[in-house]
Structures are given as C-alpha cells and as structure tokens.
Amino acid sequence: MAAAGGYFAIGFRSIQIIQVRLRKPDYKPPFSRAKKIPREDAGYRVTGGNIAAIDFGTTSVSVAFITKGDEKVATLMLDREDQSTRVPNTVLLKKEDDGKMKVEAFGSIAHRKFTSMRSSEHHSHVYFERIKMLMRREKAVDRDTVVESFSGEKFYLVEVIAFILQHLKNLLMDHFSRTTWPLKTTDFDWVITVPAIWDARGKRMMREAAYLAGLLTEYGSITKFTPVSHRSLPLPDEVNPDRLSLALEPESAALYSQETVGDQIKNITAHIEVNGNIVIENIPTGNAWGGTQVNEAFSKILEGIVSDPGFEKFLASGDRSQNMADIVKIVYTEFESEKTLFGKEQTEEICISLPSRFVKFYDNALESGVKRKSGVDYEDDMLYIHLKGKCTLEAIKASDDDLSTFYLVGGFGGCKYVHKKVKAAIEKSFYSQGCSFNVIVPPTPELAVATGAAMWRKNPDKIKARRSDATYGIAVSLPFKDDEHDEHYKFYNEDEKEYRCTNIFSVFLEKGELVQTDQVITISLTPLHQSDKQITIGIYSTPNLGVRYIEDTNGKSTVIKIGQLVIDIPNPDNLSTDDRHVDITMDFSGTEIQAKAKYRVTGEEVKTVCDFLSAQQT
0 MAAAGGYFAI GFRSIQIIQV RLRKPDYKPP FSRAKKIPRE DAGYRVTGGN IAAIDFGTTS
60 VSVAFITKGD EKVATLMLDR EDQSTRVPNT VLLKKEDDGK MKVEAFGSIA HRKFTSMRSS
120 EHHSHVYFER IKMLMRREKA VDRDTVVESF SGEKFYLVEV IAFILQHLKN LLMDHFSRTT
180 WPLKTTDFDW VITVPAIWDA RGKRMMREAA YLAGLLTEYG SITKFTPVSH RSLPLPDEVN
240 PDRLSLALEP ESAALYSQET VGDQIKNITA HIEVNGNIVI ENIPTGNAWG GTQVNEAFSK
300 ILEGIVSDPG FEKFLASGDR SQNMADIVKI VYTEFESEKT LFGKEQTEEI CISLPSRFVK
360 FYDNALESGV KRKSGVDYED DMLYIHLKGK CTLEAIKASD DDLSTFYLVG GFGGCKYVHK
420 KVKAAIEKSF YSQGCSFNVI VPPTPELAVA TGAAMWRKNP DKIKARRSDA TYGIAVSLPF
480 KDDEHDEHYK FYNEDEKEYR CTNIFSVFLE KGELVQTDQV ITISLTPLHQ SDKQITIGIY
540 STPNLGVRYI EDTNGKSTVI KIGQLVIDIP NPDNLSTDDR HVDITMDFSG TEIQAKAKYR
600 VTGEEVKTVC DFLSAQQT
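Each residue of the sequence shown is one higher than the last, beginning at 0 in numbering that gives the first Met the number 0.
Given below as structure tokens:
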C-alpha cells in the first residue's frame, strides 16, 4: 500500500515474509528483546456511533461524518459558492483588536481574498497554505517548530494546524446545529488522517493540535498565537484522549475502495483474510508524489525561465506580501485551475495568465527565457506550456511484491490524464512479465480518504495486523558478558556492585515485523539509581535491522531519538533498585505508539507520559 501524496496507488498482493527479506547476511539479533503478549483491554474504545473524520491533506481537506443509526458516511459541504466538499488547505486569519485571531476565510475563498487584498490590509492578516509539507518524515518536527506566513511572520506550526482544525470543527458543528437533533463537539469520536510514512512526531503533532483546537471539549480552544520565543510551548491538556484517533491515509483509502468496488474484483483477496479482515502486509512506503509536487515542478520551470530561484528578486522588489500574492495566484490559482481542466479535457496545452506586476518586473528576462525553453510559448502576458507527460513507476518498480490490483484515489486519482498514463505504464510493465492486473478509480476518489477514515473508526478491528515501519526500542544497561558485549561499553555500577554494559539497544519491534492488533509489547526495567523517583526513557528508531547499540565506538548515533517516556516511580521506603521493577506496556498495533506502566512496588499503574514533540537530542 503506497501513499503517493495527492493520490494513492494501492496494490494488493500475495503474503510474503518481509522481515526475512530485509535482513542482511551479517544480521545479528538484538541482545535484548521485548515480549509480545495478548492485549487485555480493547484496542479502541467502542464508538457511540457519531464519528467525524478530517482528511488533512497537503493540498486539500475534506470532512466526512456518520451519526448514530446511519449506515452511510456523508461528506460536509465546505465551500457553498463552489458547492465543494473538498477544498484547498489554505487559511486566511485576521488579527483582532484584542490580540485574538479569527479565521476569515478558508479554501478557495482564502486564496481569492489574499490574492486580491489591498496592500494596506496585509499587516492585519495572516495567510498560510500547504503547511503539511513541513511534516514529512525526514523533517524533525517538534512542539516548537515554526512556520512562516506569506507575509514573513513566524508562528508555531502546531498552533496554525489547531486553528485550521478548529475551523473545520466549527463548520461541522454549525451544520448539526440546524438539524432536528443538534449534536455538540463531545458527542463525536474524532478521526484525523495522517500519511502512513509519518513517524511518531508528526502524528503526535496532529494529536496535540486537536487538543488545542478543542475537538474533544466544549471549552478552552485556541484563540490566539503564542509569540515565538526561546521558551518551549507547554504540553496541552489531554482531555478525552480516547475520543480522538488517527487514521492512516492509505488504509482509509483501501477500506473505502474495497467497500465500494471490492465485490467487482475477485483477485484482490490475497490481501484479505477469510473472515473479511485485512492484514497490512506492506511496510508503509511513499514519497512526495502528489498534486502539490506538480505545482512545485511548474514553479521550478517558471523560476528557470526568469532565472530567479524562488522568485527572490521579485519578492524583494517591493511589498513582499503583495508580490507573494502574485506568485500564489500564478502557481496555486491559475495553474491549479488549468491543471484541473487539463485532467478533464482532451488537451495537451496549459495556458497561464501572468499578473502585470510580475510581467513588468521580469520583462526581457521573461521573453528571452521562454526562447531558451522548448515546449513553452509566451504571448500577450500568457504562458503556454505544451505537455508531453511520461509516467514512471518508481514505487512499483522498487517493490518486488506480486501486485495485481491498483486503486487510484485522492485529489489526483480521478484525473483522466493520470489514469491513462499510469494504466499504460503498468500495462507495459506487467504484460512484459505475463501478469494480469487491474487499475481502478473508485467513485469520488477525492473523498476516499475522509470517507474511509470514518468507515475505519466505525469498525477499527477491520485491520487485524500491520507491519512495523521501522525498528523501535530503548537504551538499557545489562550485566556485562565477556563473550557477548563490547568492552567499549563496559562500566561499573556502584549501586549494584557489578560491571554492566551500557547503550544497549533493547528492541521493541524490528522493521517489517508483523504486529497483531490484539498484541502489545512488554518489557520490565528497574531504575539505574536507588535515588531515582522518575524514569525518563528515550525512545529510538532506525530503518535498519541488527542494530545492537545506540552509539558506535566513535560515539556516533546509530539510531534516532524520536521521543521519550517519563514514568513516575516514588520510593518512600528507600527500596533497592532490584526491588523496584516497572512493567512497561508499549502498543504498536494501532496507528500511534502508546504506552502505560505498572509499578510492582504498589501494583498500580503510574503516570506515564509518552512525549514525541519535545525537542530531541538525536
């Protein structure tokens, strides 16, 4: 199942033993492994029947919902002017006199207002779009990550997301305020979609943004931005955390596709168990391959034509906000509308109207640049691009799996041009191997993720198992063994009066390992020192197998610290470390990493904070 930015190519295949295939010939098993045990509690709280799902996409957003007693998932009208249930992920906020912020417009309306705004209005408004691009897996986001508005002001990313989520919540609540049986925020179980390839930090940011947005309470939602400073943002209050779930985008799309067209296709059941539940046999993969990347590629072409990377000369030539509005209009209004039309009509030419201020600034550079560029013409402030597309199957070729059925879903999935090119490329590849295949576009592919997310929350047990996307673990020390451990890591523990081995990577899960949804991971630890009243345990990950220490002998990290567990362990009776075992249960079976701990001294659960958003030392 491959997440592909603005659209998804979902392939169902036969089951193979992925983990063995990932191991290299020199693979060595971990010194320490956590144990898998049966889950004692339910993986997800049983829903009350009212579910709201927000598909927070890079390019666009949509909201789906289902209420108690209904069988069918509905989608919320987000733009009444365009009669659209899926709108661009853009927001225009206005600064109020009391310092508070108000969402003035969202989606296409925010686009139009910002690009037509007078210069005198820019100082009182803040405009953002495509902020989700900051949260790719390779980017180390944390609670203090900042995002720059189009006017150059900086704000905390988690708070910007919170304002968007709050606005979408308000739209849904406004819809239900006019129904026969009005519903309020806390009547719903909320779902937010996230890419499968995001690590724990990105997922945690969406959860904390939801807390700030007031998705789970009737009070205390965000009203203003915190000034950016050297001081870290505090952890938000976790009220009703079990009323929020994160759904993986490709899983949601797969459930929707299977539900809507699955019965028509007989050869996709290799991915489905006999009882109808799904085992996700693929390790989450994907990249930035969607609709936003098409816009960015066009921007690069235009930057090359005028010989101005990032249009920096143009942006610095006058009112930056006004000039940025012109760039937005070209790349994300004019080009976006042409791109949409291009997918529907039998044309291979895109026509872009350039703003007069842009044309006047670049003047001769624009004309001479077009002459150097083949397939591009310029006439009367209009740019004409002749498109000859070539489809690459990077994600499919990178996989050695037996794929047979592909669903094209998401904002780009319904584009006829994309469907034609993808189908032709797959056909060429598969027929040469003597294989049969199906390329299917389900109904309303742009709403597949939001609708599928609501379907998943209604029946989360539909997904029975998932593959781990990385190797996860913690650092521990063990009694030193001469025949196993490296002398470099040897140290003497004064409390225990013994030599121990430090920096051992104790593994919870290895990459590619299958985790059943009715399983959890457990490990027992003791504090390092008798005086410790709190344990802070770093959580580490690596894309590799066979990592045994968190550092090599040169002191270089072999893993990435993605978060930490903070566990309270009081010691009023001054017990020795050997008598103070903590049983930690880690849950990797769902879409988020969750943890709890039981202190054997008291036999009770103790406060356990699973923090993935504080700035980490990697």
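Note that beta-carbon positions come from the ideal geometry of N, C-alpha and C, so glycine has one too.
Helix, strand or coil at residue i [DSSP, three-state]
i	result
Gly-451	helix
Glu-347	coil
Met-76	coil
Gln-321	helix
Asn-239	coil
Met-172	helix
Met-618	Nothing about residue 618 can be read from this structure; the chain reaches only from 0 to 617.
Thr-601	coil
Asn-294	helix
Ser-470	The amino acid occupying residue 470 in the given sequence is Thr; Ser does not appear at that position. Strand.
Ile-163	helix
Arg-22	coil
Thr-184	helix
Gly-410	coil
Asn-49	coil
Pro-308	helix
Gly-213	coil
Ile-196	coil
Met-190	Per the sequence shown, the amino acid found at residue 190 is Val instead of Met. Val-190: strand per DSSP, three-state reduction.
Contact belief for residue i with residue j at Cβ below 8 Å, rounded distance in angstroms
i	j	result
Thr-450	Thr-114	That pair is no contact at about 31 Å.
Thr-521	Thr-584	5 Å
Ile-163	Ile-462	Ile-163 to Ile-462, Cβ: 27 Å. No contact.
Distance, residue j Cα to residue i Cα
i	j	result
Ser-613	Leu-232	9 Å
Gly-56	Gly-410	9 Å
Val-190	Tyr-26	39 Å
Ile-503	Asp-551	11 Å
Cys-609	Gln-593	7 Å
Asp-318	His-124	14 Å
Gly-201	Thr-192	11 Å
Ala-474	Gly-537	7 Å
Asp-577	Pro-569	14 Å
Met-205	Met-134	10 Å
Val-375	Leu-382	7 Å
Lys-71	Val-514	30 Å
Ala-618	Phe-436	A question about residue 618 goes unanswered here, because the residues of the chain that appear run from 0 up to 617.
Ser-530	Ile-277	48 Å
Asp-460	Ser-556	38 Å
Pro-354	Ser-505	59 Å
Glu-158	Ile-130	11 Å
Phe-681	Phe-611	Any property of residue 681 remains undetermined from this structure, which presents the chain solely from 0 to 617.
Tyr-488	Asp-567	28 Å
Exposure of residue i, with buried meaning 16 or more beta-carbon neighbours within 10 Å
i	result
Thr-607	buried
Asn-573	exposed
His-110	buried
His-122	exposed
Lys-510	buried
Asp-262	Unreliable positioning characterises Asp-262 in this predicted model, as indicated by a pLDDT of 46, which lies under 50. A coordinate reading is not provided.
Gly-602	exposed
Tyr-471	buried
Phe-490	exposed
Ala-649	Given a span of 0 to 617 for the chain in the structure shown, any question on residue 649 remains unanswerable.
Pro-444	buried
Ser-575	exposed
Cβ-based neighbour list, residue i, same chain, cut-off 7 Å, excluding 5 preceding and 5 following
i	result
Val-305	Tyr-361, Ala-364, Leu-365 and Gly-368
Thr-84	Ser-61, Thr-74, Leu-75, Met-76, Leu-77 and Leu-446
Asn-492	Arg-499
Leu-632	Residue numbering for the chain in the displayed model covers 0 to 617; residue 632 lies beyond these limits and cannot be assessed.
Other residues of its chain near residue i: CB distance less than 6 Å, five sequence neighbours each side excluded
i	result
Arg-599	His-580
Val-417	Phe-411
Leu-211	Ala-161, Ile-221 and Pro-235
Lys-597	Asp-582 and Glu-604
Glu-241	Before going on, a small fix: residue 241 reads as Asp here, not Glu. Contacts found: Arg-44.
Close Cβ partners of residue i (< 8 Å) along its chain, the five nearest in sequence each way excluded
i	result
Gln-518	Lys-35, Ile-36, Pro-37, Arg-38 and Ser-588
Glu-316	Here residue 316 turns out to be Ser, not Glu, going by the sequence shown. Once the five neighbours on either side are set aside, the close Cβ partners of Ser-316 are Asn-322 and Phe-360.
Ser-118	Asp-318, Ser-320 and Gln-321
Thr-184	Lys-168, Met-172, Gly-213, Leu-214, Leu-215, Thr-216 and Glu-217
Glu-95	Lys-101
Asn-553	none
Gln-82	Met-76
Leu-314	Asn-322, Met-323 and Ile-326
Val-146	Phe-127, Ile-130, Leu-133, Lys-153, Phe-154, Tyr-155, Leu-156 and Val-159
Thr-46	Asp-188, Arg-456 and Lys-457
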